[in-house]
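So the sequence shown is numbered by numbering that gives the first Met the number 0: it starts at 0 and just counts up by one.
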Amino acid sequence: MVQKIIGRRIQEIRKQRGLTQEQMAERVNISPHYLSALERGVYNIKLDLLVDILNILNCSADEVFQDVVGSSSKIKASQLSEKLKGLPVHEQRKILEVIEIMIANSAQ
Numbered sequence: 000m001v002q003k004i005i006g007r008r009i010q011e012i013r014k015q016r017g018l019t020q021e022q023m024a025e026r027v028n029i030s031p032h033y034l035s036a037l038e039r040g041v042y043n044i045k046l047d048l049l050v051d052i053l054n055i056l057n058c059s060a061d062e063v064f065q066d067v068v069g070s071s072s073k074i075k076a077s078q079l080s081e082k083l084k085g086l087p088v089h090e091q092r093k094i095l096e097v098i099e100i101m102i103a104n105s106a107q
């Protein structure tokens, strides 16, 4: 299960960076078929290959592991903050109000 989640995150980040499977596979010296299998979670990824992929994608391990590591809430909060910065102030306020209501309701 973990390898599927990690594979999906790698795929998402690769697509965000505008890389095809073929381009990515060539850069890390594996076949596109093998990369596809990794992204689908068919195989466990070897550490040295993971490091190569992180470097090619110019991303941190935190980004890839955020859905499987318990302390990832800080990462997600930081990402949310960055997304909010790109919105108009009135939209930021609306979203923050909703979040505050959700927090208040969850604390009860």
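Don't be surprised by glycine CBs; every beta carbon is placed ideally from N, CA and C.
Keep in mind the model is a prediction, meaning the values are calculated, not measured.
query = Apart from the five residues just before and just after G111, which ones in its own chain have a Cβ nearer than 7 Å to its Cβ?
reply = Nothing about residue 111 can be read from this structure; the chain reaches only from 0 to 107.
query = What's the C-alpha gap between K108 and S77?
reply = Here the chain has residues from 0 to 107 only, and residue 108 is not among them.
Any non-hydrogen atom of the ligand COA within 6 Å of S105 CB = Of the ligands one can find in the structure shown there are none, so the ligand COA has no counterpart to examine.
request  = Please report how far the alpha carbon of I102 lies from the alpha carbon of I74, in whole angstroms.
outcome  = 18 Å
ask   = Do you know offhand how far N104's Cα is from H32's?
value = 46 Å
ask   = Given L53, which residues of its chain have a CB within under 8 Å of its CB, disregarding the five upstream and five downstream residues?
value = S59, A60 and V63
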